[in-house]
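Participant: Dropping the structure in here first, questions after.
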Amino acid sequence: ILNVEQSPQSLHVQEGDSTNFTCSFPSSNFYALHWYRWETAKSPEALFVMTLNGDEKKKGRISATLNTKEGYSYLYIKGSQPEDSATYLCAWPSNTGNQFYFGTGTSLTVIP
Amino acid sequence: NAGVTQTPKFRVLKTGQSMTLLCAQDMNHEYMYWYRQDPGMGLRLIHYSVGEGTTAKGEVPDGYNVSRLKKQNFLLGLESAAPSQTSVYFCASSYSGGPGDTQYFGPGTRLTVL
Chain R
6 ILNVEQSPQS LHVQEGDSTN FTCSFPSSNF YALHWYRWET AKSPEALFVM TLNGDEKKKG
66 RISATLNTKE GYSYLYIKGS QPEDSATYLC AWPSNTGNQF YFGTGTSLTV IP
Chain G
11 NAGVTQTPKF RVLKTGQSMT LLCAQDMNHE YMYWYRQDPG MGLRLIHYSV GEGTTAKGEV
71 PDGYNVSRLK KQNFLLGLES AAPSQTSVYF CASSYSGGPG DTQYFGPGTR LTVL
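Respectively, the protein sequence lines represent chains R and G. Residue 6 is where the first sequence starts when you use my numbering, and the numbers rise one by one after that. Residue 11 is where the second sequence starts when you use my numbering, and the numbers rise one by one after that.
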């Protein structure tokens with residue numbers, strides 16, 4: 006069993022604040038790192054797939070960076086909005102891709 | 011496209027009862043997966059399939075069986091349900107199953123075993 010850890014466990018921010026959270030994963034045998042957004046009562050939805058050290062991906066106000074040498078990825082949300090409220094998951098796949106190891110997620114609540 | 015669908019959405023069982031959860035995908039994906047989600051834990055892989063007619067064990071396979079008779083369907087069976095199997099079950103699918111390939115998730119099935 007491999008450890009994928011996310012911090013913080015939960016976060017409450019005011020509308021308009023920028024925020025970030027962390028996913029830590031084993032730095033050896035890196036293949037990819039996935040970020041998902043999971044709204045309550047819905048399916049987890051893919052945000053980013055990151056594969057190269059130094060990768061930076063962006064979708065609207067959300068961006069992510071990757072450091073494979075030290076084994077972490079940051080997710081940033083600029084100017085948080087209430088609709089950003091969700092749990093953000095990261096997943097570290099095995100070399101075959103058959104096994105995804107998920108973190109427990111960061112629950113973000115944006116207060117209007 | 012409906013994507014990944016799951017049936018049923020909710021179910022309550024008594025200890026010892028059996029049931030089958032159905033997952034269907036209309037994206038022509040080769041790979042399909044069953045996960046369970048428990049409080050304080052990440053999604054954990056139960057079983058997966060790399061193609062029609064194939065199945066393999068994941069991280070937590072005990073107490074479950076699966077079948078992939080058709081490419082678009084992946085069934086998860088509980089032969090004799092136990093309270094420890096109370097959980098939310100998610101199905102997912104991916105096109106090629108590689109580490110960089112996105113897994114697409116269904117809406118989940120909430121199962122309670124009394």
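Ideal Cβ positions, reconstructed from N, Cα and C, are used throughout, including at glycine.
Residues of chain R with CB closer than 9 Å to the CB of TYR58 of chain G, please, in chain order.
Facilitator: Locating residue 58 of chain G in the second sequence gives position 48, where the first residue counts as 1. In chain order: ASN103 and GLN104.
Participant: Since SER103 of chain G contacts MET29 of chain G with CB under 8 Å, what's their CB separation in whole angstroms?
Facilitator: Here residue 103 of chain G is taken as the residue at index 93 of the second sequence, counted from 1. Here residue 29 of chain G is taken as the residue at index 19 of the second sequence, counted from 1. Between MET29 of chain G and SER103 of chain G the Cβ distance is about 21 Å, and since that is not below 8 Å, they are no contact.
Participant: Just mark ASN72 of chain R as buried or exposed, buried being the case when its beta carbon has 16 or more other beta carbons within 10 Å.
Facilitator: Within the first sequence, the letter at position 67 stands for residue 72 of chain R. Per the 10 Å Cβ criterion, exposed.
Participant: Hey, is PHE30 of chain R's beta-carbon within less than 8 Å of any beta-carbon in chain G?
Facilitator: Reading the first sequence from its first residue, position 25 is the one you call residue 30 of chain R. No, its Cβ sits nowhere closer than 8 Å to a Cβ of chain G.
Participant: For ASP22 of chain R, which residues from the same chain have a beta carbon less than 6 Å from its beta carbon, with the 5 sequence-adjacent residues on both sides left out?
Facilitator: Working through the first sequence from its first residue, we reach residue 22 of chain R at position 17. Same-chain partners within the cutoff: SER85.
Participant: Which first and last residues belong to the beta strand (DSSP E) in which THR70 of chain R is found?
Facilitator: Stepping through the first sequence from its first residue, residue 70 of chain R is reached at position 65. Per DSSP, the continuous beta strand (DSSP E) segment holding THR70 of chain R begins and ends at 67-72.
Participant: Less than 8 Å separating the beta-carbons of PHE26 of chain R and TYR77 of chain R?
Facilitator: As a position in the first sequence, residue 26 of chain R is number 21, starting the count at 1. As a position in the first sequence, residue 77 of chain R is number 72, starting the count at 1. It is not a contact, given that the beta carbons lie outside the stated cut-off.
Participant: Drop a sphere of 10 angstroms on the beta-carbon of ASN103 of chain R, count the other beta-carbons inside from all chains shown, and report buried for 16 or more, exposed for fewer.
Facilitator: Taking the first sequence and counting its residues from 1, one reaches residue 103 of chain R at position 98. Buried.
Participant: At the level of alpha carbons, what is the spacing between THR118 of chain R and SER90 of chain R?
Facilitator: With chain R covering 6 to 117 only, the question about residue 118 of chain R has no answer from this structure.
Participant: DSSP puts GLN19 of chain R in a beta bridge; with which residues?
Facilitator: As a first step, residue 19 of chain R must be located in the first sequence, where it is residue number 14. R:ILE116.
Participant: Could you tell me whether any Cβ in chain R is nearer than 8 Å to the Cβ of MET51 of chain G?
Facilitator: Locating residue 51 of chain G in the second sequence gives position 41, where the first residue counts as 1. Yes, MET51 of chain G lies at the interface with chain R (some Cβ there is under 8 Å from its Cβ).
Participant: MET37 of chain G: buried (16+ other C-beta within 10 angstroms of its C-beta) or exposed?
Facilitator: Position 27 of the second sequence holds residue 37 of chain G. Exposed, because fewer than 16 other Cβ atoms sit within 10 Å of the Cβ of MET37 of chain G.
Participant: Which residues, in chain order, does the stretch 56-77 of chain R contribute to contact with chain G at a C-beta distance below 9 Å?
Facilitator: THR56
Participant: Taking GLY108 of chain G as the query, report the chain R residues whose CB atoms sit under 9 Å from its CB, ordered along the chain.
Facilitator: On the second sequence, residue 108 of chain G is found 98 positions in, with the first residue counted as 1. Simply TYR36, ALA37, PRO98, THR101 and GLY102.
Participant: Let's test the definition: count the other Cβ atoms within 10 Å of the Cβ of PHE20 of chain G and tell me whether it reaches 16, buried, or not, exposed.
Facilitator: The sequence position of residue 20 of chain G within the second sequence is 10, counting from 1. When all chains shown are included, PHE20 of chain G counts as exposed.
Participant: Determine the DSSP secondary structure at SER85 of chain R, reduced to helix, strand or coil.
Facilitator: Your numbering for residue 85 of chain R matches position 80 in the first sequence. If DSSP states are grouped into helix, strand and coil, SER85 of chain R belongs with coil.
Participant: I'd like the span of the beta strand (DSSP E) that includes GLN128 of chain G, first residue to last.
Facilitator: No answer is possible for residue 128 of chain G: the residues shown for chain G start at 11 and end at 124.
Participant: Applying the 10 Å Cβ sphere with the 16-neighbour rule, what's the burial state of GLY59 of chain R?
Facilitator: Numbered from 1 along the first sequence, position 54 holds the residue referred to as residue 59 of chain R. Counting Cβ neighbours within 10 Å, GLY59 of chain R comes out exposed, since fewer than 16 surround it.
Participant: In its own chain, which residues sit with a C-beta less than 6 Å from the C-beta of PRO66 of chain G, not counting the 5 before and 5 after it?
Facilitator: Indexing the second sequence from 1 puts residue 66 of chain G at position 56. Per the sequence presented here, residue 66 of chain G reads as Ala, with Pro not at that position. Cβ neighbours of ALA66 of chain G beyond the five flanking positions: TYR58.
Participant: Compare the C-beta of LYS83 of chain R with all C-beta atoms of chain G and state if any pair is closer than 8 Å.
Facilitator: On the first sequence, position 78 is the one that residue 83 of chain R refers to. Using beta-carbon distances, LYS83 of chain R does not count as an interface residue toward chain G, since no partner is under 8 Å.
Participant: Look at the Cβ atom of LEU79 of chain G, then the Cβ atom of GLY68 of chain G, and state whether they are nearer than 8 Å.
Facilitator: Taking the first residue of the second sequence as 1, we reach residue 79 of chain G at position 69. Taking the first residue of the second sequence as 1, we reach residue 68 of chain G at position 58. Contact: no.
Participant: Ends of the beta strand (DSSP E) at MET55 of chain R?
Facilitator: Taking the first sequence and counting its residues from 1, one reaches residue 55 of chain R at position 50. Run containing MET55 of chain R: 50-55, per the beta strand (DSSP E) assignment.
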